[in-house]
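> If you number the sequence shown the way the working numbering does, the last residue is 1225 and the count never jumps. Can you keep this structure in mind? I'll have questions shortly.
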Amino acid sequence: MEYRIKEDCKGIDWHQIQTALREAGMGSYDHARHRRAFENSEAVVFVYSGERIIGFGRAISDGAYQAAVYDMVVTPEHQGRGLGRRILETILKKVGPCNVILYASPGKEGFYEAMGFGRLKTGMGSFLRHQEKRDRGMVE
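In structure tokens, the structure reads:
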């Protein structure tokens, strides 16, 4: 299967972002909110299969020494093909050498550990939908 990588937000169908997040079992917001988040990010990566967005990720950064990766998604039928690795490597290259944190969906920690990430012992979070995050096992 052939995939196409896009590294900007021009022409993105934001409804497809919502769909892909749902397919991957992740929470989503309305398409306008996703657009705002991605357009305000330092690095964005979208993966297409034909005209369909099947993977993406983004990072915010201070441009000096801190960055955070968000919304890392590869739809289930396209997982296991190296696309998540390609998305993350592209993002990390774009933010440059710095400290990088990210959220991992429960059960996906091993993927990030294989990419050189370690589990945080002092991480804390306050979420808009805190109970939902607790129910999904992301918050104690």
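C-beta atoms are modelled at their ideal positions from N, C-alpha and C, and glycine is treated no differently.
If you draw a straight line from the C-alpha of I1176 to the C-alpha of E1092, how long is it?
9 Å
> Could you give the distance in angstroms between the alpha-carbon of Y1133 and the alpha-carbon of E1198?
25 Å
> State the CB to CB distance for the pair G1112 and R1204, rounded to an integer number of angstroms; the pair is presumed to be in contact (CB under 8 Å).
Contact doesn't hold; Cβ gap of about 21 Å is too wide.
> So the candidates are R1121, I1102, Q1164; which of them puts its Cα closest to the Cα of M1086?
Comparing alpha carbon positions, the residue from R1121, I1102, Q1164 closest to M1086 is Q1164.
> Please list the terminal residues of the continuous beta strand (DSSP E) segment that includes R1089.
1089-1091
> So, under 8 Å CB-CB, R1143 and V1129 are touching, yes? Tell me the CB distance rounded to an integer number of Å.
5 Å
> Considering only the alpha carbon of each residue, which of L1168, A1122, F1196, T1160 lies closest to G1229?
The requested residue 1229 does not occur in the structure, where the chain is confined to residues 1086 to 1225.
> With a threshold of 16 other CB atoms inside 10 Å of the CB of F1212, please say whether the residue is buried or exposed.
It is exposed - the Cβ of F1212 has fewer than 16 other Cβ atoms within 10 Å.
> What do you reckon, are the CB atoms on D1098 and I1138 nearer than 8 Å?
For D1098 and I1138, yes; Cβs fall inside 8 Å.
> Compare the beta carbon distance of G1169 and F1196 with 8 Å and say whether it is the shorter of the two.
yes
> Quick one: is D1156 buried, meaning 16 or more other Cβ sit within 10 Å of its Cβ, or exposed?
Taking all protein chains in view, the Cβ of D1156 is crowded by 16 or more other Cβ atoms within 10 Å, so the residue is classified as buried.
> Determine the contact status of V1180 and E1127, defining contact as a CB-CB distance below 8 Å.
yes
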